Amino acid sequence: MTEMTAEQAAEWGKSLSFEKVWATLQEVGRKQAETAAQLAQLEQTVERVSSNVGGLNRSMGELIETLIAARLWEKFPGYGLTRAYQRIPLYDEKNVIRTDIDILLVNTDMCMAVEVKHELNRIDEVDRHLKRMQLIRQYPPELVNSKQLVGAMAGGIVDPDIKDYAYESGFYVLELTGESVHLITPPEGFVPQRW
């Protein structure tokens, strides 16, 4: 924008009329409306993309859960687990969902709560499963009730450090390998935590 002298500004002001100012204001208003419409359209696009990405993540998680759940009880022959249930909600005494169990393996006197992650790569995921195990014992669903309870962590990809932390926390660790699930051999002396 170029600077005007007082005389130039006064001369410019004489050329203004109500009609010219009104037309300029209407043009500015029209441009603002166009910009607002474009912003609203952009916001809808961002929302749609975010929803699709969230849906893709959820779909990927459900796919990995399904792949891992298939005949998972066979990985633990010493426990005699015979059934697998997926996405079991956990309600408190006020009937509020506190958490859920991704996969629950059961037999008549034992059960195993398995937390599944696309990538098992963070310590806080193991810590959250420790808390979940306490909640399962505090608010046991009918499938768990008075049965012995052990836990496991499973992932499409398992970070070696997190695997070690999961074992230290008393969990079995499973990893998706190709078309099947592999129970990673526990370290020597591993004893699963019982809740």
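Heads up: the sequence shown at position 2 corresponds to -2 in the numbering used here, and the numbers run straight through without jumps. In this text, a Cβ means the ideal position worked out from N, Cα and C, and glycines have one as well. Fair warning: this is a prediction, and the values are worked out from it, not measured in the lab.
Run of the alpha helix (DSSP H) containing residue i, from where it starts to where it stops
i	result
Met129	Ile119 to Gln134
Rounded straight-line distance, which links the Cα of residue j to that of residue i
i	j	result
Pro85	Asp160	28 Å
Asn117	Glu58	18 Å
Val102	Met108	7 Å
Pro156	Thr181	12 Å
His125	Lys27	54 Å
Gly25	Ala36	16 Å
Ala2	Gly9	10 Å
Val177	Glu171	6 Å
Enclosing beta strand (DSSP E) for residue i [first to last residue]
i	result
Gln144	Gln144 to Val154
Ser176	Ser176 to Leu179
Lys113	Met106 to Leu116
Gln82	Arg79 to Tyr87
One or two residues paired with residue i in a DSSP bridge
i	result
Val169	Met149
Ile93	Tyr87
Coarse secondary structure for residue i, derived from DSSP in three states
i	result
Pro73	helix
Gln22	helix
Leu68	helix
Leu101	strand
Thr(-2)	coil
Arg44	helix
Trp191	coil
Val17	helix
Leu139	coil
Distance CB(residue i)-CB(residue j) smaller than 9 Å
i	j	result
Leu63	Met106	no
Arg94	Asp88	yes
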